[in-house]
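The structure appears below as structure tokens.
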Amino acid sequence: MSKLLSMRDAIADFVPDGASVALGLQMEQMIPFAAGHEIIRQKKRGLTLIGPISDILFDQLIAAGCAEQVIAAWVGNVMMGSAYNFRRAAEQDGLKIFNMTNFTVALALQAGAMGVPFLPTRTALGSDVPKENHFFYQIFSPFTPKELLWAVRALNPDVTIVHVQRADREGNAHCWGNFGVLLDGVRAAKRVIVVAEEIVEPEIIASDPNRTVIPGFMVSAVVHCPYGAHPSPVQGYHNRDNAFFRQYHGQTKTKSDSDAWLERWVYSVPDRRAYMNQLGACRVEELDVKQHAYAAQTDYGY
Amino acid sequence: MTTISETSTQQFDTKSPAYSLGELMVATAAREIKDGEVVFVGMRLPLIAFVVAKRTHAPNAVGLFENGVVRSTAAPELIYTMADPPNICGATQCLDMMGVMSLLQSGRVHLGFLGTAEVDRFGNLNSTEVHGPKGSTRLPGSGGACDIASLAQRFVVLLEHSRERLPERVSYLTSPGYGDGGDWRQRMGLPRGGPVAVITSKAVLRFADDGEAYLSSVHPGVELGEVVSNTGWKLRSAEHVSQTSEPSAAELKAIRDYDKDGFWTK
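Same order as they appear, the protein sequences are chains A and B.
Convert by adding 139 to the 1-based position in the first sequence; the result is the number in our numbering.
Convert by adding 2 to the 1-based position in the second sequence; the result is the number in our numbering.
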């Protein structure tokens, strides 16, 4: 059964107000910006944003007033440092933040994925991160020696949105490159939206099952959206638009500057195609893969 | 407190050194990596320190990145983030975060690098929020810093040297150093580790057995008093404070070949 939807319909159908949304799970690669921008355009409110780090996407969702809470290890602009809207919201507007560490985001999602209430860890012992934070509870190992550990509470996002290189119409998805917390975040989610650079036939997916990161039965919607991760990179498809991250840093220092940025890059463009037109063909061409690097063939024969 | 010898003071007094401060810090950081070690490479300056070490004295070092990448070669061109395509292409393995963090937790990582907003007397780091006289400043947060500080066999910190950034006690303890000294890490249940060096824009601090930082070396051109007066506690010093070694020609070449426009090191 085809689950292909437009980005507009996928977000309208599966991201209700008040939902907890995991996104940006592959760290600085394949961040689903197009999905985030559609969330902003549809004026979703009261969202809980979940992710290990966020390379400016959370900052944009916060600027647009979509977020009520953030559960994350790091929110900013990776190559430039701070993200101003996150700072403003935290310092002035009382944005609720659950401070995590990258490992404990992974553990919370993995616990959710495994269907257990928590997973134990040795990280963050002695840190202030677990203080007044309901994701952490101190326990002793039931086995000898009875070591001190943190139990990290399971996290099950209402919806996880991922950008991948290719998927078929049912949502069986291939991804390659670094995964971050993609696998845990997908298995922990109640619903999954897959955004893909290319829609391929099921035979392509089945030709290389080790590359399949999401089996289609877990997927609610598949969206075909080339360049949907811009300005973040998609391995083998396009490079990172470093200038865009730099410009974002310079153009969002104040609230009114950020509003102007959102107007230009989100509200005034109806969809990703219009966004890419605004970016311009020259700039898009600059991001092209300059030298392809194909993997050796893999023989699944018997 | 020991002072630096007269001859070396004159040597420090170069008006226009042949390298930038960023280059000095990166070269100093790179030297903390021993050949053959497994290194957890953090974001920003450590990205290039790993490359410099690989291309000079530590060709067999292995890099782990928290996005899941394991590399036994340096990325072929400049990267701004650890997930930039050149850091994936030619990697040894692309795991997920749980994979690399498991290697870290089980004690297989020798060294981790961390940037931070604040470091205190006992090497505790704050990258979450700073409470100052003008109110609070919210910072991006831990990322993987707390995990690296908790679980690596040892870690090295890089930051700018000022009184504000080196307070006696961090206002929020994001990443554990030696707590309040002594056997604090053991009491907290941390399995190993702790900071071994803080590389600032003025000096290198190291740690005594009691967990307190001391001044180990001063960068060329920096007065000892300048380091002490820009530190938020009464900084102890080594019996013989040395001068931080200048970057070698090979290190400078490795830095400049890689960071051609000086994005990280100018």
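Just so you know, even glycine gets a beta-carbon here, dropped at the ideal spot from N, CA and C.
Going by beta-carbon coordinates alone, are residue i and residue j separated by less than 8 Å?
i, j, result
"residue 171/B", "residue 195/B", "no"
"residue 187/B", "residue 310/A", "no"
"residue 298/A", "residue 353/A", "no"
"residue 40/B", "residue 64/B", "yes"
"residue 202/B", "residue 127/B", "no"
"residue 32/B", "residue 253/B", "yes"
"residue 170/A", "residue 186/A", "no"
"residue 397/A", "residue 223/A", "yes"
"residue 236/A", "residue 200/A", "no"
"residue 214/A", "residue 225/A", "yes"
"residue 217/B", "residue 158/B", "no"
"residue 212/B", "residue 179/B", "no"
"residue 117/B", "residue 200/B", "no"
"residue 262/A", "residue 275/A", "no"
"residue 169/B", "residue 228/B", "no"
Which chain B residues are close to residue i, counting only those with a beta carbon under 7 Å from its beta carbon?
i, result
"residue 319/A", "69, 70, 98 and 99"
"residue 226/A", "140"
"residue 346/A", "Ordered by position in chain B, no residue passes the 7 Å Cβ test against residue 346/A, which lies about 19 Å from the chain."
"residue 316/A", "90 and 96"
"residue 166/A", "69 and 85"
"residue 191/A", "99"
"residue 323/A", "100"
"residue 378/A", "87"
"residue 432/A", "91"
Give the residues of chain A in contact with residue i, contact being defined as C-beta atoms less than 7 Å apart.
i, result
"residue 118/B", "Within 7 Å Cβ-Cβ: nothing; residue 118/B doesn't reach chain A, min ~12 Å."
"residue 155/B", "None at all; the shortest Cβ gap to chain A is about 13 Å."
"residue 149/B", "240, 241, 242 and 262"
"residue 135/B", "Near residue 135/B there are no residues of chain A at all, since even the closest Cβ is about 15 Å away, more than 7 Å."
Report yes or no: is there a C-beta of chain A within less than 8 Å of the C-beta of residue i?
i, result
"residue 212/B", "no"
"residue 94/B", "no"
"residue 171/B", "no"
"residue 12/B", "The predicted model places residue 12/B with a pLDDT of 33, which falls under 50 and marks its position as unreliable; any figure quoted below should be read in that light. Cβ-Cβ to chain A under 8 Å: no for residue 12/B."
"residue 107/B", "yes"
"residue 1/B", "Lying before the first or after the last residue shown, residue 1/B is absent from chain B, which here runs from 3 to 268."
"residue 27/B", "no"
"residue 74/B", "no"
"residue 4/B", "Note that residue 4/B scores 47 on pLDDT, short of 50, meaning its location in the model is unreliable; the coordinates nonetheless yield the value given after this. Cβ-Cβ to chain A under 8 Å: no for residue 4/B."
"residue 192/B", "yes"
"residue 152/B", "yes"
"residue 216/B", "no"
"residue 235/B", "no"
"residue 174/B", "yes"
Could you please give me the residues that DSSP links to residue i through a beta bridge?
i, result
"residue 194/B", "Residue 194/B is not bridged to any residue."
"residue 113/B", "41/B and 156/B"
"residue 161/B", "202/B"
"residue 134/B", "137/B"
"residue 194/A", "215/A"
"residue 208/B", "199/B and 216/B"
"residue 67/B", "In the DSSP output, where bridge partners are listed per residue, residue 67/B has none listed."
Please decide whether residue i counts as near chain B, where near means a Cβ-Cβ distance under 8 Å.
i, result
"residue 349/A", "no"
"residue 265/A", "yes"
"residue 287/A", "yes"
"residue 407/A", "no"
"residue 217/A", "yes"
"residue 397/A", "no"
"residue 229/A", "yes"
"residue 306/A", "no"
"residue 381/A", "yes"
"residue 435/A", "no"
Report the neighbours of residue i on chain B: residues whose CB is nearer than 8 Å to its CB, in chain order.
i, result
"residue 372/A", "85, 86 and 87"
"residue 290/A", "Result: empty, since nearest Cβ-Cβ is about 13 Å, beyond 8 Å."
"residue 422/A", "None at all; the shortest Cβ gap to chain B is about 17 Å."
"residue 249/A", "100"
"residue 311/A", "The premise fails here: residue 311/A is roughly 19 Å from chain B at the closest Cβ pair, so nothing lies under 8 Å."
Which residues in chain A have a C-beta closer than 9 Å to the C-beta of residue i? List them in chain order.
i, result
"residue 178/B", "263, 264, 265 and 266"
"residue 146/B", "191, 192, 212, 213, 240, 241 and 242"
"residue 260/B", "Neighbours of residue 260/B on chain A: none; closest Cβ ~15 Å, over 9 Å."
"residue 187/B", "264 and 265"
Taking one C-beta from the stretch 146-156 of chain B and one from the stretch 202-213 of chain B each time, how about it: are there three or more such pairs within less than 8 Å?
With a cut-off of 8 Å, the stretch 202-213 of chain B and the stretch 146-156 of chain B do not count as touching, because too few Cβ pairs lie within range.
Contact between the stretch 188-201 of chain A and the stretch 163-174 of chain A (3+ Cβ pairs under 8 Å):
Taking 8 Å as the limit for Cβ pairs, the verdict is that the stretch 163-174 of chain A does touch the stretch 188-201 of chain A.
Could you say if the stretch 127-138 of chain B and the stretch 75-91 of chain B meet the contact criterion of at least three C-beta pairs nearer than 8 Å?
Judged by pairs of C-beta atoms under 8 Å, the stretch 127-138 of chain B does not touch the stretch 75-91 of chain B, as fewer than three such pairs exist.
Hey, is the stretch 249-263 of chain B in contact with the stretch 21-34 of chain B, meaning 3+ C-beta pairs nearer than 8 Å?
Yes, the stretch 249-263 of chain B touches the stretch 21-34 of chain B.
Would you check if the stretch 277-291 of chain A and the stretch 46-59 of chain B touch, i.e. whether three or more CB-CB distances between them fall below 8 Å?
Verdict: no, contact absent.
At least 3 beta-carbon pairs within less than 8 Å: the stretch 284-303 of chain A vs the stretch 233-250 of chain A:
By the criterion of at least three beta-carbon pairs nearer than 8 Å, the stretch 284-303 of chain A is in contact with the stretch 233-250 of chain A.
Any chance the stretch 89-98 of chain B sits against the stretch 309-327 of chain A, with 3 or more Cβ pairs inside 8 Å?
Under the 8 Å Cβ criterion, the stretch 89-98 of chain B counts as touching the stretch 309-327 of chain A, having at least three qualifying pairs.
Is there contact between the stretch 332-346 of chain A and the stretch 358-368 of chain A, where contact requires at least three CB pairs shorter than 8 Å?
These segments touch.
Does the count of Cβ pairs from the stretch 402-410 of chain A and the stretch 228-243 of chain A closer than 8 Å reach three?
The stretch 402-410 of chain A is not in contact with the stretch 228-243 of chain A.
Is there contact between the stretch 417-433 of chain A and the stretch 366-379 of chain A, where contact requires at least three CB pairs shorter than 8 Å?
In short, these stretches touch, since the Cβ pair count reaches three.
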